[in-house]
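Everything in the sequence shown is counted per the numbering used here, starting at 1158 for the first residue and increasing by one.
Ideal Cβ placement from N, Cα and C applies to all residues, glycine included.
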Amino acid sequence: MKRKIAFFLALLCTAAGAHETVKPLFHRALSNVPGKALVAVEVSFAPGAEAPPHTHPKSSFIYAQVLSGEIVSAVGDAPPKVYRTGESWYEDPGARHQVTRNASKEKPATLLAVFVLDEGERKLVLPAAK
């Protein structure tokens, strides 16, 4: 239990930007895939908020779904796309997330991010190299 609490505290300190809030939802080792874990977080963006370009641990595969509002996202070389409530995308291991922002300047937006990654990973968001 202490290990999970420490994990979530580390997650909150490393994944949240100035205009986004990260709420840990779930962390579980995958018993059928030794060394891997499933982690779920809720990311909330204030109106007009955006995250800086970033990557995730090289071991992580990510599924993201918009829970409310609209999110503009661009992964790799893909052009930015608006995702509306209920729509989703994925990020392959090592992908660079060029754009992540709330499409609205007036309404908040929230997404669910689900990671499958190495069990020992603690930082889910890494600054992108310039």
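Let me know the secondary structure DSSP gives Glu1276 once reduced to three states.
The three-state reading of DSSP puts Glu1276 in coil, since its state is none of H, G, I, E or B.
Distance check for Glu1263 and Asn1189, CA to CA, integer angstroms please.
Each residue's alpha carbon lies about 44 Å from the other.
What residues in its chain sit with their C-beta under 6 Å from that of Val1196, if we drop five residues either side in the sequence?
If the five residues before and after Val1196 are omitted, its C-beta is found closer than 6 Å to the C-beta atoms of His1184, Phe1272, all from its own chain and listed in chain order.
Indicate the three-state DSSP secondary structure (helix, strand or coil) for Arg1253 in the structure shown.
DSSP places Arg1253 outside both helix and strand once states are collapsed to three, so it counts as coil.
Spatial neighbours of Gly1251 within its chain, please: CB distance less than 6 Å, with the 5 preceding and 5 following residues excluded, ordered by chain position.
Excluding residues within five positions, the ones whose Cβ falls inside 6 Å are Lys1215.
Skipping 5 residues on each side, what residues in its chain have a beta carbon closer than 8 Å to that of Leu1187?
Counting only residues of its own chain and dropping the five nearest sequence neighbours on each side, Leu1187 has a CB closer than 8 Å to the CB of Lys1193, Ala1194, Leu1195, Val1273.
Does DSSP put His1213 in a helix, in a strand, or in coil?
Here His1213 sits in coil by DSSP.
From the DSSP output, in three-state form, read off Glu1263 for me.
In the structure shown, Glu1263 falls within a coil segment according to DSSP collapsed to helix, strand and coil.
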